[in-house]
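A.B. asks: Protein chains in written order, with the UniProt record's numbering: chain A, 1 to 278; chain B, 1 to 441; chain C, 1 to 354; chain D, 1 to 309.
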Amino acid sequence: MMMNDMPQAVQAQEPTQVSGRRIGDVVLDLQNISLSFGGVKALTNISFDVREHEIRSIIGPNGAGKSSMLNVINGVYHPQEGRILFRGEERRRMEPHMAAAQGIARTFQNIALFKGMSVLDNIMTGRNLKMKCGLLAHALYWGRAQKEEIAHRVKVEEVIDFLEIQDIRKTPVGALPYGLQKRVELGRALAAEPNLLLLDEPMAGMNVEEKQDMCRFILDVNDQFGTTIVLIEHDMGVVMDISDRVVVLDYGKKIGDGVPDEVRANEDVIRAYLGTSH
Amino acid sequence: MKRKAFALVAALAAFGAGTLSAPVAAQQEGDQFFPLLVYRTGAYAPNGTPWANGKQDYVKYINATGGINGVKIGWEECETGYATDKGVECYERLKSKKPSMIDPQATGITFALTDKAPVDKVPLVTLGYGLAASQDGGVFKWNFPLMGSYWTAADALIQHLGKKEGGLDKLKGKKIALVYHDSPFGKEPIPLLQKRAQMHGFELVLLPVTAPGVEQKATWLQVRQQRPDYTLLWGWGVMNSTALKEAVATGYPREKLLGVWWSGAEPDVKDVGANAKGYSALALNPHGTDSVLIKDILKKVHDAGNGAGPREEVGSVLYMRGLLISMLSVEAVRTAQAKFGKGKVMTGEQVRWGLENLNVDEKRIGELGLAGLIRPIKTSCNDHMGSTSVRIHSWDGTTWKMQPDWYEADKSVIDPLVKEAADKYATDKQIKRRDASDCAA
Amino acid sequence: MLYRENGQFKTSYAADQQIFPIAQDRLAIGLLLLVAFVVMPMAGSEYLFRAVLIPFLILALAALGLNILVGYCGQISLGTGAFMAVGAYAAYNFMVRIDGMPLIGAMLLGGLTATVVGVLFGVPSLRIKGLYLAVATLAAQFFTDWAFLRISWFTNNSTSGSVSVAGLNVFGLPIESPVAKYLFCLTVVCVFALAAKNLTRTATGRQWMAIRDMDVAAAVIGIRPVYAKLTAFAVSSFIVGVAGVLWAFVHLGAWEPAAFSIDRSFQLLFMVIIGGLGSIMGAFFGAAFIVVLPIILDQVPHLLGIPLSTATTSHLVHMIFGALIVFFLIAEPHGLAKLWSIGKQKLRLWPFPH
Amino acid sequence: MGFFLETLFGGLMAGMLYSLIALGFVLIYKASGVFNFAQGAMVLFAALAMARFAEWIPKWLGFDNLILANLLAFGVAMALMVVLAWVIERLCLSKLVNQEGITLLMATLGISYFLDGLGQTLFGNDIYSINVGMPKEPAMILEGTFQGGLLISKEDLVAALIAAGLVLALALFFQKTTTGRALRAVADDHQAAQSIGIPLNRIWVIVWSVAGFAALVAGIIWGSKLGVQFSLSLVALKALPVVILGGLTSVPGAILGGLIIGVGEKLSEIYLGSFFGGGIEIWFAYVLALGFLLVRPQGLFGEKIIDRV
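See below:
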């Protein structure tokens, strides 16, 4: 992730050239967010927005507060200061499942799949919010409950086809290689049909081919479903390739924000990256 | 490792199939079968073991002296650990061998078996324990709480206190505490004590102790706070010795502490020793090795190397109680044989008749080798207890010293309570009271 | 060679979502049910029913309930005995206080009461995790032990605190003989096992498992931890409560709180873990292991003609039992059900190991 | 007032003993992440060994000296506990490394069954006594201040003092010695501890031996009070609310938790018990601990659990 190898990557492809896609209004507006754990500041006075249909990346060195930022967006952490506006409405303190109910899905830096379940079941959990049958119907598994299960299974199979993981659908996720687990996790998030998708380092630890596959899936999701994506990624080439706009964090502070070219030219960003690279 | 596990599971399964389909048959054809439910393990083992040994030794003694009119006794022990479900399992296991009767050796198991026994036609002998109401043979056809129940015990204790004070009326205004095992066993005496409290105007303080009873600090602090004139101890197993130790630690005079017959044996005081001096308890049965019977058992069973337990234990309080249970069961078989045919194996139903028509008079007691040590026992259709006679013995620091006075439960107090409880049971269970013709049969 | 799924193609999602997608499995379970419902009642001895099969079935049911909580939802409970007791005593009270209350009605109401109490004691699980929760559930155990001893209303003012029931019947059919009792328990167990299986293979079960495997991630995809945990407590306590009713009414007939002591709670937890966490079948394996093994071990010296005293046998049984538990935990921490599925997997490939 | 003080005092005495048993739990949990349900069985086993060897050794060697007999029996019993720790590590724990907490918990339950059986097979199942010369009669103090005086059980006092001394010694051992620090290192991170050259196996044997030592002392004190027999293994149940109240990983938590539970249950039994019909102390301790956990899920001094995603 040296800054000096980025220009080549950029020359290879223009970043905002994804076809048939219209960047819309601001859907998520974060204003002056500050978060601390027992006196240790994780985020300080951060503001940025996310527009509909765009791919918005958050970058920064380790410990910059990127994951904390995602955790704030979907309600895992509650910032001590600042306002969050989602679709123009100010959001009260909310729990993660409420964020999910509003159409926010995410993947995790360290894979957070349900290890004891199969690929199919993991992705089925993504449909949870859309399933309406109650406990008793499930216990009987007759009529409506069975129809519902099958209807959602159809949807999940679409996701499975999309991600090309048909042959592993009955495999317990714990037995899968890392790259596939990441893909299944993306599948689980996609199954929820989110309108805002938060991806926390979806390509970490992958080889080149796997990265290319993952890039393709992300772009396809954004393209085909119009899903807004907030992405944390270390691979600068990828970030600069696929992002519409980039936010740069360092030590919990925002040091840069803008389209990839702008960010690349930002003095603070260069300094921060040089300071931490080898 | 996995393969080993597989092999083990397979072996166990195969073995299991074998054992479950072919229950154990230890006794010989033509024996009168005595199932012996015992507990030699668990929290109550120290008390259960001598009891179990007594039961077993008497059976062996009878076999050594030619059986019951020539009929040998087959027996098999089954360990219950004082747990009800284990007890039920034992009962079911031994039931197929046509038991003569069964002594569950635990109040909880007795409750569980009370419903099953009439169906399977197995009499329950619960000497000195069990359901107090089951004295009423009109309702409890198959239960035999021989020689006493918790109500007769409580009654005898109150009579004893009255005697100490110089008359039952002197109990007025006194405070009597009951420190009891918090279980059906410990709660049974409460209705009788409440009735007596009402009659004589003493105050009854109830202090439950959570089973098994190793934690009694708070209980005895309360005793110290309330300063009762007398404290009745209704414990079993480790609860007894703990209670005595706490009484010592809180300085409660042991002379004012009186136990039921399940709280007055050697294991209860052994570990407290001289500190328990002055403590008294009911003595349902005699103890010691002086009787003709015990000398004979030592000779014919223990000297022959057949003793169930150590020789020193023979003659101890709980050993003797177990012995009496087997003895009365044997007497019931003998009684039944007199009616249904000498030298034959009696069925459960016939033994039940024998238990209901027991008549162990002074002469018979002499023949049994216990002359002067127990009172006559005579049961009938209505009275399945046969005797309520009981004495008191006191711990002098090294041994239990028997006191001379005999107490009998006051029929006018006990009988209405028994009748009421038995009737309630009959209503709950939709049982009809037996009529005269059923009694005669 | 016989155990193959080659050639069995699923043409619909419904077919793929069956409980037993493999034909041989369906045949096997059909045979098992046939044996259980038809052959056993004709061939079994009274001892087998009363001392082995009935307790096995009832405890398997309780273990099934516990497995939903521990195995599927990951919430450890050491208070299972308490919920059995609540079911039993509640059903008893419905029986004696409401005239003409049918057994099935009392059983379900007993289960519902256990549900309410279970949910109440499940509330701490929203804040406490793991071993802390396990020990906290002991509060339920000791509290109910005490309440059923001390509050005489629960025992219909029985002087001794022991209660009993008689004259059980279902739709006019008496449940008195061992065979009738066995068939009744078997039916109840089959119904609940099916319902539990259904729950665990649908959205509800997935929510439980998601909470178990990673609760934060589960919340992020929209699973409400409160709902998932409390439904697990509710369903689990309901089944456990019903098992309590059966244990008290059908197996014991008369009981006191000691029938549902802490030992029972441990025993059930053993069953679930030895049998296999998160497996319906595991509950049955576990119950078989824990109920039947001591009975067998007890009789071994007798069978072999070794003159061991009752006490020694009992101590040896304790030792062997404890050692076997450790052995199985080492050999297969995921329980007998896992061992079973490994075995099946091997059988599928047999005789070609690759 | 006098009675209140007596109750308070009684509670503190009992609490000190709970602390001692709780300490056994905490030590093992800290160093090996195992919630050791076998602690109660170890108390019974140790006490049985102590009681029986004190009886047998003078017989075998033909002398008659109570103190010597007790000392020798203590040595033999302790050696037995070390062997036990070694066997448990060898045959059980070393094979269960990296298993989940619940599996380890179950394994210790298995161990406890085994020990119950083994102890009673080897040593018998009657009531045995341990006589280490504890005073039995109570003492009255401050008779001038309170009417009837304050009753202090000398036996409890001695027991509590021994327990306090031991608790203190173990706390110091944990905080000050190299081995103690190594034990804590293991608790914090198994791999890190191994990488700086602490052999995990030996640590486990040591920590189980220390827990065995705590069990032996607890067994002697309780055994001398109650007599040695099966029920001793149940006293461990009394220590569970203490452990959750104090926090699974905290030595001071075990001490303070023990005192709080001891005092709490005695006071509740005496001052609240009568409203409920008595016998409430057993659940009161648990409910107290549970209520406390709802406010502070990690216990008094436990380490706070933060979810990381």
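Positions of the beta carbon are idealized from the N, C-alpha and C atoms, including for glycine.
1. If I follow the unbroken alpha helix (DSSP H) through residue 261 (chain A), where does it start and stop?
2. Rank B:176, B:175, B:190 by C-alpha distance to the C-alpha of residue 182 (chain B) and give the top, closest one.
3. State the CB to CB distance for the pair residue 87 (chain C) and residue 250 (chain C), rounded to an integer number of angstroms; the pair is presumed to be in contact (CB under 8 Å).
4. If I measure Cβ to Cβ from residue 36 (chain B) and keep anything under 8 Å in the same chain, skipping five residues before and after, which residues do I get?
5. For residue 142 (chain C), tell me which candidate among D:231, D:284, D:22, D:9 has the shortest Cα-Cα distance.
6. Can you tell me which of the three DSSP states residue 138 (chain A) falls into?
7. Select from A:122, A:240, A:93, A:158 the residue whose C-alpha is nearest the C-alpha of residue 107 (chain A).
8. Anything in chain C within Cβ reach of residue 93 (chain B), meaning under 7 Å, just list it in chain order.
9. Would you tell me roughly how many angstroms separate the C-alpha atoms of residue 111 (chain C) and residue 233 (chain C), rounded to the nearest one?
10. Fully enclosed by the segment 104-150 of chain C, which alpha helix (DSSP H) runs are 4 residues long or longer?
11. Return helix, strand or coil for residue 153 (chain D), following the three-state DSSP convention.
12. Would you mind sorting residue 51 (chain C) into buried or exposed? The rule is 16 or more other CB atoms within 10 Å of its CB.
13. Quick one: which unbroken alpha helix (DSSP H) runs of 4-plus residues sit fully inside the segment 241-305 of chain B? Chain order, please.
14. Are residue 245 (chain D) and residue 292 (chain D) close, meaning C-beta to C-beta below 8 Å?
15. Would you kindly report the start and end of the unbroken beta strand (DSSP E) that includes residue 98 (chain C)?
16. Is residue 315 (chain C) close to chain B? Criterion is C-beta to C-beta, closer than 8 Å.
17. Give the straight-line distance between the Cα atoms of residue 189 (chain C) and residue 33 (chain C), rounded to the nearest whole angstrom.
18. Excluding five sequence neighbours on each side, which residues of the same chain lie with their C-beta closer than 8 Å to the C-beta of residue 168 (chain C)?
19. Spell out the partners DSSP gives residue 257 (chain A) in its beta bridges.
20. If I measure Cβ to Cβ from residue 81 (chain B) and keep anything under 6 Å in the same chain, skipping five residues before and after, which residues do I get?
21. Are any of the Cβ atoms in chain B nearer than 8 Å to that of residue 156 (chain D)?
22. By the DSSP assignment, the beta strand (DSSP E) with residue 74 (chain B) in it spans what residues?
23. For residue 47 (chain B), count neighbouring Cβ atoms within 10 angstroms of its own Cβ and tell me buried if that reaches 16, exposed if not.
24. If you measure from the beta carbon of residue 26 (chain B) to each beta carbon in chain D, is any gap under 8 Å?
25. Cβ of residue 20 (chain D) within 8 Å of Cβ of residue 167 (chain D)?
26. What residue range does the alpha helix (DSSP H) around residue 336 (chain D) cover?
27. Quick check: what's the CA-CA separation for residue 129 (chain C) versus residue 140 (chain C)?
28. In terms of alpha-carbon separation, which member of C:281, C:100, C:209, C:180 lies closest to residue 37 (chain C)?
29. Could you say if the segment 159-169 of chain A and the segment 178-195 of chain A meet the contact criterion of at least three C-beta pairs nearer than 8 Å?
30. Using a Cβ-Cβ distance cut-off of 8 Å, determine whether residue 279 (chain D) contacts chain C.
31. May I ask you to report which of helix, strand or coil DSSP gives residue 408 (chain B)?
32. Just to make sure I have the definition right: I need the residues of chain B whose C-beta is within less than 9 Å of the C-beta of residue 243 (chain C). Which are they?
33. Distance check for residue 322 (chain C) and residue 328 (chain C), CA to CA, integer angstroms please.
34. Evaluate contact between the segment 34-54 of chain D and the segment 111-119 of chain D, counting only Cβ atoms and requiring at least three cross-stretch pairs below 8 Å.
35. What are the start and end residues of the alpha helix (DSSP H) that includes residue 264 (chain C)?
36. Below 8 Å on the Cβ atoms is my contact criterion, and I expect residue 265 (chain C) with residue 80 (chain C) to pass it. Report the Cβ-Cβ distance as a whole number of Å.
C.D. replies: In terms of the structure at hand:
1. First-last of the alpha helix (DSSP H) with residue 261 (chain A): 260-265.
2. The residue with the shortest Cα to Cα distance from residue 182 (chain B) is B:190.
3. No, residue 87 (chain C) and residue 250 (chain C) are not in contact; Cβ-Cβ is about 12 Å, not under 8 Å.
4. Excluding residues within five positions, the ones whose Cβ falls inside 8 Å are 52, 55, 56, 59, 75, 76, 77, 78, 103.
5. That would be D:284, whose Cα lies nearest to the Cα of residue 142 (chain C).
6. In the structure shown, residue 138 (chain A) sits in a helix (DSSP, three-state: H, G or I).
7. Just measuring C-alpha positions, the residue of A:122, A:240, A:93, A:158 sitting nearest residue 107 (chain A) is A:122.
8. Scanning chain C for C-beta atoms nearer than 7 Å to the C-beta of residue 93 (chain B) yields 47, 51, reported in chain order.
9. Rounded to the nearest angstrom, the two C-alpha atoms are 12 Å apart.
10. Taking only runs of at least 4 residues, the alpha helix (DSSP H) segments lying wholly in the segment 104-150 of chain C are 130-150.
11. Residue 153 (chain D) falls in the strand class under three-state DSSP.
12. A residue is called buried once 16 or more other Cβ atoms fall within 10 Å of its Cβ, and residue 51 (chain C) is buried on that count.
13. DSSP runs (the alpha helix (DSSP H)) wholly in the segment 241-305 of chain B: 266-270, 292-297.
14. Result yes, Cβ atoms of residue 245 (chain D) and residue 292 (chain D) sit closer than 8 Å.
15. Residue 98 (chain C) -> no beta strand (DSSP E), and no H or E assigned at all.
16. Yes, contact with chain B.
17. Spanning the two alpha carbons is a distance of roughly 12 Å.
18. Counting only Cβ-Cβ distances below 8 Å, and skipping sequence neighbours, we find 103, 174, 175, 176, 249, 250.
19. According to DSSP, residue pairing for residue 257 (chain A) in a beta bridge involves A:247.
20. So the qualifying residues of the chain are 39, 41, 42.
21. It does; some Cβ of chain B falls within 8 Å.
22. Its beta strand (DSSP E) spans residues 73-79.
23. Residue 47 (chain B) is buried by the Cβ-count criterion.
24. Bear in mind that a pLDDT of 42 at residue 26 (chain B), under 50, signals an unreliable position, so the number given afterwards is only what the model happens to contain. Chain D, which has no Cβ nearer than 8 Å to the Cβ of residue 26 (chain B), makes this no.
25. Against a cut-off of 8 Å, the Cβ pair of residue 167 (chain D) and residue 20 (chain D) comes out as a contact.
26. The structure shown does not extend to residue 336 (chain D), since chain D is modelled only from 1 to 309, so the question has no answer here.
27. The alpha-carbon atoms of residue 129 (chain C) and residue 140 (chain C) are separated by roughly 16 Å.
28. Residue C:180 is the option with its Cα nearest to residue 37 (chain C).
29. Touching, yes, given that three or more Cβ pairs across the two stretches are closer than 8 Å.
30. Cβ-Cβ to chain C under 8 Å: yes for residue 279 (chain D).
31. Correct three-state label for residue 408 (chain B): coil.
32. Per Cβ cutoff of 9 Å: no residues; residue 243 (chain C) is ~13 Å from chain B at best.
33. Between residue 328 (chain C) and residue 322 (chain C), the C-alpha separation is close to 10 Å.
34. Touching, yes, given that three or more Cβ pairs across the two stretches are closer than 8 Å.
35. It spans 262-275 - the alpha helix (DSSP H) in which residue 264 (chain C) sits, taken as one unbroken run.
36. With a contact defined as Cβ atoms closer than 8 Å, residue 265 (chain C) and residue 80 (chain C) qualify at about 5 Å.
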